[in-house]
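Data first, discussion second: the structure below is written as structure tokens.
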Amino acid sequence: MVKRIAILLGAAFLLFTFWYYQRNPLTTKITIGNHVLYVDVAATPVARERGLSGRTSLAQDYGMLFVFPAPAKHGFWMRGMNFALDFIWIRDKTVYELTRNVPAPLSGQSPNMLEPYYPIDMVLEVNAGSIDRFGIKQGDKVVIRQ
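Numbering follows my numbering, in which position 47 of the sequence shown is assigned residue number 88; successive positions increment by one, without gaps.
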């Protein structure tokens, strides 16, 4: 009987942990060039789909890092966004492309689809204007601190 309860509690804990991290991304620090950013990491399909949708703002030195299992031309849209973003397209921990000042869709407007020119394995979304403010450029190295 005690063994069954222990197994059930262990299974419940694992399910809760899986559920929690599907809905609450991990936060870590990254460095691009000389600038340090704090990012929520979206590494699961659920977290990547949700992204920053529904948030009303993003702190100045914060962003969301989308991590994919393999390089591809992963598409992004601004569904449910309330503020403009810059997109930093990354492959092999190197900045490949930059997309500046993508506006949030107006009420009732369909969001535009964004896609990189090159296959990428990560995308960093930051407040519009951050690319220029931080001096981020193509070829910059990205260091992820666990």
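Glycine included, each C-beta is placed from N, C-alpha and C at the ideal position.
C-alpha distance - D162 paired with S98, whole-angstrom precision: 25 Å
Run of the beta strand (DSSP E) containing D162, from where it starts to where it stops: 161 to 168
Local conformation of N65 per DSSP, three classes: Summary for N65: the model assigns pLDDT 49, below 50, so the residue's position carries little reliability; its value from the coordinates is reported in the next sentence. Note: N65 maps to coil in three-state DSSP.
Proximity to Q150 [Cα-Cα], best of M119, L126, Y159: M119
R174 - DSSP class collapsed to helix/strand/coil: helix
Length of the line joining the Cα atoms of G92 and M42: 43 Å
Strand pairing of A83, partner residues [DSSP]: F107
Near the ligand SAH: T140 beta-carbon under 7 Å from a heavy atom: Annotation note on the ligand SAH: not contained in the displayed structure, which lists no ligands.
Identity of the residue in N75, R89, T69, I73 nearest D81 by Cα: T69
DSSP state of A113 mapped onto helix, strand, coil: strand
N-terminal and C-terminal residue of the beta strand (DSSP E) that Y158 is part of: It is not in any beta strand (DSSP E) - Y158 carries neither H nor E in the DSSP assignment.
Close-in-space but distant-in-sequence residues of the same chain around R64 (CB under 6 Å, 5 per side omitted): With a pLDDT of 49 at R64, under the threshold of 50, the modelled position of that residue is not reliable, and the figure given next carries that caveat. Nothing meets the Cβ criterion.
Which listed residue (I177, Q179, Y159, V143) has its alpha carbon closest to that of A169: V143
Buried or exposed by the 16-neighbour rule on C-beta atoms within 10 Å, applied to E166: buried
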